[in-house]
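Taken in order, the sequence shown gives residues 4 to 479; the numbers are from my numbering.
Think of the CB as a built atom: it goes at the ideal place given N, C-alpha and C, for glycine as much as any other residue.
The structure appears right after this line, and notes come after that.
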Amino acid sequence: MGDIPIGIPASGKRKEFDSMGTVEVPADRYWGAQTQRSLVHFSIGDDRMPKQVYHAYGYVKKAAALVNAAGGRLPEWKKQAIVRAAEEVIAGELDEHFPLFVWQTGSGTQSNMNVNEVVSNRASQLLGGTLGTQKPVAPNDDVNMGQSSNDSFPTAMHIASVQEIDDHLLPQLRALAVSIEAKAEEWTDVVKIGRTHLEDAVPLTVGQEWSGYAAQLRACAEEIEHSRAGLLALALGGTAVGTGLNAPEGFSHDVAARIAELTGKSFVTAENKFMALGSLDAMVRAHAALRGLAVALMKIANDMRWLASGPRTGFAELVLPQNEPGSSIMPGKVNPTQCEAIVMIAIQVLGNDSAVSFAGSQGNFELNAMRPVIINNFLHSARILADGMEKFRTFSVSGTELNTDKIAHYVSESLMLVTALSPIIGYQNAAQIAESALANGQTLKEAALASGHVDEETFDSAVDPLAMVGHSVAGA
């Protein structure tokens, strides 16, 4: 097998064939007839099948070739060529040869054949063959040996999803949690007024408030890790309807073991191939965990932008980093743009989840044929969440500071500190003090002393904001 560089220095067209006849394809591309038919029939919108799916497919084709060769079903020389071509797919070196749209057959068959054709032509080229002849390496008989689109596409979906979770999403989620935890620790003794129902409440510390944000993110990470476990079960070996027809005995276990070895992930063969082909429940559950993360991030980002509102007519408790001008007409205006981006990302993920859930419900008999829309939305959600969290951490959370004067002012003005008097003078008397202070424009202390229910020494002893917040960052 010669050292032939990637590339087909040709122009014009060449003929490729499939079971339906001959088709002309661009001479400088490795794909074949079925890919070209799909480009004609499904040129819908601008949404292309994510390249992560094809990279994952490279592992499928490499693992299958290794297992088939070990079983004596594929000659060693063919195996070597297929493995090398598959490795180029994994590395992204053949990305320009995977042009198909998301909106295609719901089983992903055309993308599977796109991979088969590219690997076949590239492997044949490596062996000195002529492109378009399907010799010496055939797309169906050799590259697709022991497989069906119905079991290989969901396998590629799971591989791509696990890699996206492990390589991007979870690292960025954990990094954001660490950054927020550092702020919580830094501000553990800064007392602020709490707010419930958008109204004043009893005090807590800024550190306690931010510890809640960090705990939300840690819980989301645990849920994503839990749902990730379902993606480790691979459909490969079920072939067309789950029975494993045309796959040799032991193929499903052997190929899952090979994929695990190649990826470094704990992939296993799915125990029930009928579930693995007829449903996409694991993908639905995994995206639900992404939805949960989106919900938590929206809460955190909204809190931050509200608490930073101002600088003079809002809450103005937080001071966010000033990254760019905020207005084309109002000089000096700066906006909470990173928070806004997170909110928009969360909205998009919630919309994606609706699509994923609905598509997951559309399994009919032995096949769920809504696969492309699910994997496209899943990878989109995971990537924008990961990228968004990285920018949010770097350009907002890490540089956020406190307006301690404003925070202290709100605490001193709050009427809800009266809650500390309830055990001493009773709920009704305490309520009357708060209502009197509000009605008469008095401080809480002035109203309390005027009520006659409490003396100054008792008030000063009881109404101590720092003593009201508990004894830990997480709250008492």
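Item to check | Pick from A163, W213 and G109 that is closest to V376, judged by C-alpha positions | outcome: Here residue 376 is taken as the residue at index 373 of the sequence shown, counted from 1. Nearest of A163, W213 and G109 to V376, Cα basis: G109.
Checklist entry - Counting only runs that start and end within the region 266-305, where is the beta strand (DSSP E) found for 3 or more residues in a row? => result Every candidate beta strand (DSSP E) stretch fails here, since none sits fully inside the region 266-305 while reaching 3 residues.
Next on the checklist: On the criterion of 16 or more Cβ atoms from any shown chain inside 10 Å, does A479 qualify as buried, or is it exposed?
Outcome noted: Taking the sequence shown and counting its residues from 1, one reaches residue 479 at position 476. Confidence is the limiting factor: at A479 the pLDDT is only 40, short of 50, which leaves the residue's position unreliable and the question unanswerable from this model.
Item to check | Residue environment, Y216, which counts as buried when at least 16 other CB atoms sit within 10 Å | outcome: Position 213 of the sequence shown, counted from the first residue, corresponds to residue 216. With 16 or more Cβ atoms within 10 Å of its Cβ, Y216 is classed as buried.
Checklist entry - Whose C-beta lies closer than 7 Å to the C-beta of V476 among residues of the same chain, with five residues either side of it excluded? => result Residue mapping note: residue 476 aligns to position 473 of the sequence shown, counting from 1. In this predicted model, V476 has a pLDDT of only 47, less than 50, meaning its place in the structure is not dependable; the value taken from the coordinates is given anyway. Counting only Cβ-Cβ distances below 7 Å, and skipping sequence neighbours, we find A187, E188, T191, G210, Q211 and S214.
Next on the checklist: On the CB-based measure, 16 or more other CB atoms within 10 Å of its CB, does D257 come out buried or exposed?
Outcome noted: Your numbering for residue 257 matches position 254 in the sequence shown. When all chains shown are included, D257 counts as buried.
Item to check | Local conformation of A477 per DSSP, three classes | outcome: Along the sequence shown, one-based indexing puts residue 477 at 474. Because the pLDDT of A477 is 49, which lies under 50, any placement of that residue in the model is unreliable, and the number read from its coordinates should be weighed accordingly. DSSP places A477 in coil when its eight states are reduced to three.
Next on the checklist: Tell me whether the region 318-336 and the region 360-373 touch, counting them as touching only if at least three CB pairs, one residue from each stretch, are closer than 8 Å.
Outcome noted: No contact exists between the region 318-336 and the region 360-373.
Checklist entry - Among the residues of its own chain, which have a CB less than 6 Å from the CB of S312, if the five just before and after it don't count? => result Sequence index remark: in the sequence shown, residue 312 carries index 309 (1-based). Its chain contains F318 as the residues whose beta carbon lies nearer than 6 Å to that of S312, once the 5 sequence neighbours on both sides are disregarded; these appear in chain order.
Next on the checklist: Only counting the same chain, and skipping five residues up and downstream in sequence, which positions put a Cβ closer than 7 Å to that of A3?
Outcome noted: The structure shown does not extend to residue 3, since the chain is modelled only from 4 to 479, so the question has no answer here.
Checklist entry - Going by DSSP, which residues form a beta bridge with K16? => result Counting from one through the sequence shown, the residue named residue 16 turns up at place 13. In the DSSP assignment, K16 is bridged to P29.
Item to check | Assumed close pair A66, L265 - CB separation to whole angstroms, cut-off 8 Å | outcome: Taking the first residue of the sequence shown as 1, we reach residue 66 at position 63. Taking the first residue of the sequence shown as 1, we reach residue 265 at position 262. Taking 8 Å as the upper bound for CB-CB distance, A66 and L265 are in contact here, some 6 Å apart.
Checklist entry - Pick from M347, E438, E449 and Q435: whose alpha carbon is nearest that of N305? => result Here the question's residue 305 lines up with position 302 in the sequence shown. Taking only the C-alpha atoms, the option nearest N305 is M347.
Next on the checklist: For T112, report the span of its alpha helix (DSSP H) as first-last.
Outcome noted: Position 109 of the sequence shown, counting from 1, holds the residue named residue 112. Per DSSP, T112 is one residue of the alpha helix (DSSP H) stretching across T112 to L129.
Checklist entry - What are the boundary residues of the beta strand (DSSP E) that includes E202? => result Here residue 202 corresponds to residue number 199 of the sequence shown, with the count starting at 1. Where E202 is concerned, the enclosing beta strand (DSSP E) stretches over E202 to T208.
Next on the checklist: Buried or exposed, going by whether 16 or more other CB atoms sit within 10 Å of the CB of Y62?
Outcome noted: Position 59 of the sequence shown, counted from the first residue, corresponds to residue 62. Looking at its Cβ environment, which holds 16 or more other Cβ atoms inside 10 Å, Y62 is buried.
Item to check | Presumed contact (8 Å Cβ cut-off) between V140 and S155, rounded CB distance | outcome: Residue mapping note: residue 140 aligns to position 137 of the sequence shown, counting from 1. Residue mapping note: residue 155 aligns to position 152 of the sequence shown, counting from 1. 17 Å between Cβ atoms; not a contact.
Item to check | Beta-carbon contacts of A243 that lie in its chain and below 7 Å, excluding the five residues immediately before and after | outcome: By one-based count along the sequence shown, residue 243 stands at place 240. If you ignore the 5 residues before and after A243, its C-beta comes within less than 7 Å of the C-beta of S151 and N153, all in its own chain and listed in chain order.
Next on the checklist: Can you list, in chain order, the residues of its chain with a C-beta nearer than 7 Å to that of P29? Leave out the 5 residues immediately preceding and following it.
Outcome noted: Working through the sequence shown from its first residue, we reach residue 29 at position 26. Counting only Cβ-Cβ distances below 7 Å, and skipping sequence neighbours, we find K16.
Checklist entry - Where does the unbroken alpha helix (DSSP H) through V70 begin, and where does it stop? => result Residue numbering aside, residue 70 sits at position 67 when the sequence shown is read from its first letter. Per DSSP, the unbroken alpha helix (DSSP H) holding V70 starts and ends at K54 to A73.
Item to check | Local Cβ density within 10 Å of H161, reported as buried at 16 or more and exposed below that | outcome: Taking the sequence shown and counting its residues from 1, the one referred to as residue 161 is at position 158. By the neighbour-count definition (other C-beta atoms within 10 Å, threshold 16), H161 is a buried residue.
Checklist entry - Using the C-alpha atoms, what's the distance from D356 back to H44? => result Position 41 of the sequence shown, counted from the first residue, corresponds to residue 44. Position 353 of the sequence shown, counted from the first residue, corresponds to residue 356. For H44 and D356, the distance between alpha carbons rounds to 28 Å.
Checklist entry - Does the beta-carbon distance from V56 to Q39 come in below 8 Å? => result For this step, residue 56 is matched to residue 53 along the sequence shown. For this step, residue 39 is matched to residue 36 along the sequence shown. For V56 and Q39, no; Cβs fall outside 8 Å.
Next on the checklist: Measuring straight from C-alpha to C-alpha, what distance separates R221 and L469?
Outcome noted: Taking the first residue of the sequence shown as 1, we reach residue 221 at position 218. Taking the first residue of the sequence shown as 1, we reach residue 469 at position 466. If you draw a straight line from the Cα of R221 to the Cα of L469, it is about 27 Å long.
Item to check | A451 burial status per 10 Å Cβ neighbour count (16 or more: buried) | outcome: Within the sequence shown, the letter at position 448 stands for residue 451. When all chains shown are included, A451 counts as buried.
Next on the checklist: Please tell me whether N124 and L134 are closer than 8 Å, where the distance is taken between their beta carbons.
Outcome noted: Along the sequence shown, read from residue 1 onward, the residue named residue 124 stands at position 121. Along the sequence shown, read from residue 1 onward, the residue named residue 134 stands at position 131. Taking 8 Å as the Cβ cut-off, N124 and L134 qualify as a contacting pair.
Checklist entry - Counting pairs of Cβ atoms below 8 Å between the region 288-297 and the region 384-403, do you hit three or more? => result These segments touch.
Item to check | Residue interval of the alpha helix (DSSP H) (run including V466) | outcome: Numbered from its first residue, the sequence shown carries residue 466 at position 463. According to the DSSP assignment, V466 belongs to no alpha helix (DSSP H), since it is labelled neither H nor E.
Checklist entry - Who pairs with A236 in a beta bridge, going by DSSP? => result Indexing the sequence shown from 1 puts residue 236 at position 233. Beta-bridge pairing links A236 to V271.
Item to check | Span separating the alpha-carbon of T158 from that of R87 | outcome: Position 155 of the sequence shown, counted from the start, is the residue given in the question as residue 158. Position 84 of the sequence shown, counted from the start, is the residue given in the question as residue 87. The straight-line gap from Cα to Cα measures roughly 20 Å.
Item to check | Sequence ranges, alpha helix (DSSP H) only - wholly within the region 356-419, length at least 4 | outcome: As far as the region 356-419 is concerned, its whole alpha helix (DSSP H) runs of at least 4 residues are 374-395 and 407-416.
Checklist entry - How about the region 233-250 and the region 258-278: do they share at least three Cβ pairs that are nearer than 8 Å? => result The region 233-250 makes contact with the region 258-278, as at least three CB pairs between them are under 8 Å.
Item to check | Cα-Cα separation, L207 to G329 | outcome: On the sequence shown, residue 207 is found 204 positions in, with the first residue counted as 1. On the sequence shown, residue 329 is found 326 positions in, with the first residue counted as 1. For L207 and G329, the gap between their C-alpha atoms comes out near 32 Å.
Checklist entry - Which partner residues of G322 appear in the DSSP bridge assignment? => result Your numbering for residue 322 matches position 319 in the sequence shown. For the record, residue 322 in the displayed sequence is Val; it is not Gly. E404, per the DSSP bridge assignment.
Checklist entry - Between the C-alpha atoms of T272 and A89, what's the straight-line distance to the nearest angstrom? => result On the sequence shown, residue 272 is found 269 positions in, with the first residue counted as 1. On the sequence shown, residue 89 is found 86 positions in, with the first residue counted as 1. Per the coordinates, the alpha-carbon of T272 lies some 21 Å from the alpha-carbon of A89.
Checklist entry - Does the Cβ of N275 have 16 or more other Cβ atoms within 10 Å, making it buried, or fewer, making it exposed? => result Counting from one through the sequence shown, the residue named residue 275 turns up at place 272. It counts as exposed.
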